[in-house]
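Shown next, in the form of C-alpha cells:
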C-alpha cells in the first residue's frame, strides 16, 4: 500500500501498483494553443532534469498568438524524451500521447507506434469538436484506437471538481486542466512534485488564488493516478550516468544568451544587443535584458536595420555589438553587414533560422539560410559562419563566434535554428577558469609607416590580417572609416582599381586564414567504414542517433559534424576524399552539399527535408542503411 497527498495536501491510502523499469520514454503533450501544453511540457522536463535524467525536447506550436480553437492548425505540442543514458534527439515517436481534444489526437495519432499509450481528455470529444477536425465517428466508440492502450480521463470535469471550493468560475477552473494532466503523468513516471508546486507559487506570486488552484489541479491529477483502476502500472526511468559536474536544463536561446554574457566577461567589453523582436530569436533579447549587472545593454529598436546599426555603432565605440534575428531580418540587415565587412569591425550576427521564404513558417525549423549567410550581400563580402549543434552547444558557439569577431575584426554569423533555439537539454555549467581569454588590445599610439605621426586604421596584423581597433576620441588616433572603399593602410577613400582589387583580396584572405580546428571523425569501426555521414547545425542529434542504430545492426558508418562553415576546417577536403560515399542530410534543398561539391569536387549525396520539422533517427537510419548497402555492393 502506498500513500499520496489529496486535494488539500493530506495523505490518503491507495491501492498498490506494479512498477516497471524503463531506460527511456518519449512523451508528447498536445492540445489547443491556449491549453498550456508548452508550460506543461516544460515543467515535466524541469523535473526530469532535476531527477538527473538525460533529456531532449521539441516544442511545436502555431505561429498565431491565438490559433483557431479546436482545429488541427491550432494544435500546440511539446515532446520530451528522457532516459537513463546519453540521448541525442527528442525522439521519433511518442510512447505516450496526452491529447487534450480531438484535434490534438487527429494531428498526432499517426506518430504513435502500435501499442503506444494514449491519454484522452474525453470532455472535449463532443460531436461539434469531432466534426471540426473531420472525424465522421467518435474514435472512442469505433476501432480507430484499437491498436493502442487508451486511457479515457474526464480531465475538465475532474479539474472543476477539484477546484469547486475555490470559488473560481467554470471557465477559470478548466484552465488548470493542463496541471491535472501534469500531475497524472508525474505520478505515472515517479517525477518529483515539490519543484512544480514551488514554481507555481512563484509564477503566480501576485495571484495566490490562481497559484493554489493550479496546485490543487496538479495534486488532483496525481491522486487520480493513485486511485483509479485505469492505471495498473507506473514507470521508473533511473538517472543518467553523465559526466561529473553541475547541470541545469537549458534551451538553445538561453544558452546562447549566457554565452554572450560570458564573452563580455572574458573580453572585458560591454555587450550591446541591438535587435528587433522576431520569432524564434526573441528569447535571446528577453534573457540578455536580465543581465545588466554583467555589463549587458539591450536596445529594442524600431526595426531590424536600426537594431544592427546600433550594434555596429557600439562596436565602433569599443564595445562588442551583437544583433539577433531570423532569416527575414537578415535580409534587412544585409547592407549593414556589408558595412561591417568594409569597416572591419567586430560584430556577432545571430540568425535563428526558421522556415521560409518570406514570413514562411515562423515557429517551424529549417536550415535554409546557409547560402544567405555566405553570399547574401552585394560585392565580395566574406563573413565567417559558426553553427551550434545542440541547445547546450549554443554557449560554446557564442564564445567561438565572439573569439573570431574580436580576433579578426569581422562580422560573424552564428547560425542557430528553431529546433535548437526552443529545444532543451542538460547543460554542464563550465568552470570560469576554463573559458577562453577573449581580451583585446586597442590601438594606443599613431602607427603611420611614413613617419607622419598619423593613425592608419588599415595597418594589419601580419598573422591575422586584422586591422587595429582605435577608440573614437583617443588623442592622436583620428581616422576615417565608412562604406566607401578604403586605401590600403591609410584608410583614405580610394577609387583606384588596383587598390580595390588588393583590398578585396585582403578581406577574403583574412577570412580564409581564420584559425579553425580540424574536423573530427567518429568511426568506432577503426577505419572500416566506407560511408561518412556529414552534417551541420541541429541535424547532429538525428544523424548521431541514426548512426548508432546502423552500427548496432552491424554496419560500419563514420560521422562528422561541421561547426565552422566559413572557412571550412583545413582537413575537410582530405576527409571527404577518404570515403567512398559522403551523405549530407540537411533541412534545406542541399545548400551545404552545393558548397562542398564546388570547393572540393566531391560528389556528395544530398538528403534533404524542408517540412518544418527535424529529421527522425529512423528516417536517416533507412537512408544510411540503403547507401551503405549500395556502396558495399558496388565494390
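Numbering (our numbering), first residue to last: 17 to 651.
The beta-carbon is built from N, C-alpha and C at its ideal position, and this holds for glycine as well.
Per-residue DSSP class, three states only, for residue i
i	result
residue 137	strand
residue 26	For residue 26, the predicted structure reports a pLDDT of 39, less than 50, and the residue's modelled location is therefore unreliable. A value from the coordinates is still provided. Three-state DSSP puts residue 26 in coil, outside helix and strand.
residue 208	coil
residue 101	coil
residue 415	helix
residue 315	strand
residue 111	coil
residue 536	coil
residue 565	helix
residue 96	strand
residue 78	coil
residue 34	strand
residue 17	Because residue 17 sits at a pLDDT of 36, beneath the cut-off of 50, its placement in the model cannot be relied upon, and the point is left open.
residue 602	strand
residue 270	helix
residue 726	For the chain, the structure presents residues 17 to 651; residue 726 sits outside this window and is missing.
residue 51	coil
residue 147	helix
residue 249	strand
residue 363	strand
residue 298	helix
residue 70	strand
residue 397	coil
residue 381	coil
residue 628	coil
residue 61	helix
residue 130	coil
residue 371	strand
residue 56	helix
Option in the options with minimal Cα separation from residue i
i	options	result
residue 104	442, 123, 76	442
residue 89	127, 101, 49, 100	49
residue 614	592, 202, 68, 158	592
residue 160	134, 170, 144, 169	134
residue 616	178, 413, 584, 604	584
residue 200	170, 364, 315	170
residue 467	184, 476, 506	506
residue 263	329, 360, 63	63
residue 157	149, 142, 215	142
residue 272	411, 525, 399	411
residue 247	237, 255, 254, 253	237
residue 291	267, 303, 399, 332	303
residue 73	55, 603, 187, 202	55
residue 183	601, 132, 540, 226	226
residue 235	260, 266, 46, 192	192
8 Å contact criterion, which residue i and residue j should meet: CB distance rounded
i	j	result
residue 176	residue 95	Contact flag wrong, Cβ pair sits at about 28 Å.
residue 383	residue 433	6 Å
residue 70	residue 98	7 Å
residue 634	residue 108	5 Å
residue 522	residue 481	6 Å
residue 151	residue 118	6 Å
residue 567	residue 559	Between residue 559 and residue 567 the Cβ distance is about 12 Å, and since that is not below 8 Å, they are no contact.
residue 486	residue 473	7 Å
residue 628	residue 375	So it is not a contact: roughly 13 Å between Cβ atoms.
residue 532	residue 647	Not confirmed; about 29 Å, so no contact.
residue 198	residue 60	6 Å
residue 324	residue 399	Not a contact, Cβ separation roughly 13 Å.
Segment limits, beta strand (DSSP E) that includes residue i
i	result
residue 47	40-48
residue 258	Where residue 258 is concerned, there is no enclosing beta strand (DSSP E), given that its DSSP letter is neither H nor E.
residue 621	621-624
residue 728	Missing from the structure shown is residue 728; the chain here goes from 17 to 651 and no further.
residue 288	287-291
Start and end residues, alpha helix (DSSP H) containing residue i
i	result
residue 331	320-332
residue 574	Element bounds for residue 574: not the alpha helix (DSSP H) but the beta strand (DSSP E), 574-578.
residue 549	Taken as a continuous stretch (DSSP letters only), residue 549 belongs to no alpha helix (DSSP H), being part of the beta strand (DSSP E) at 547-552.
residue 657	Summary: the structure shown does not reach residue 657, with the chain confined to residues 17 through 651, and so no result is reported for it.
residue 618	Per DSSP, residue 618 belongs to no alpha helix (DSSP H) and is neither H nor E.
residue 346	343-359
residue 590	588-593
residue 636	633-649
residue 226	224-243
residue 124	118-124
residue 390	386-391
Residue-level contact to chain B via CB, residue i, 8 Å cutoff
i	result
residue 232	Among the chains of the structure shown, chain B does not appear; only one protein chain is present.
*At what residue ranges does the segment 433-513 contain a whole run of the beta strand (DSSP E), taking only runs of 3 or more?*
440-444
*Which residue spans inside the segment 150-199 form an unbroken alpha helix (DSSP H) run of at least 4?*
171-178, 186-190
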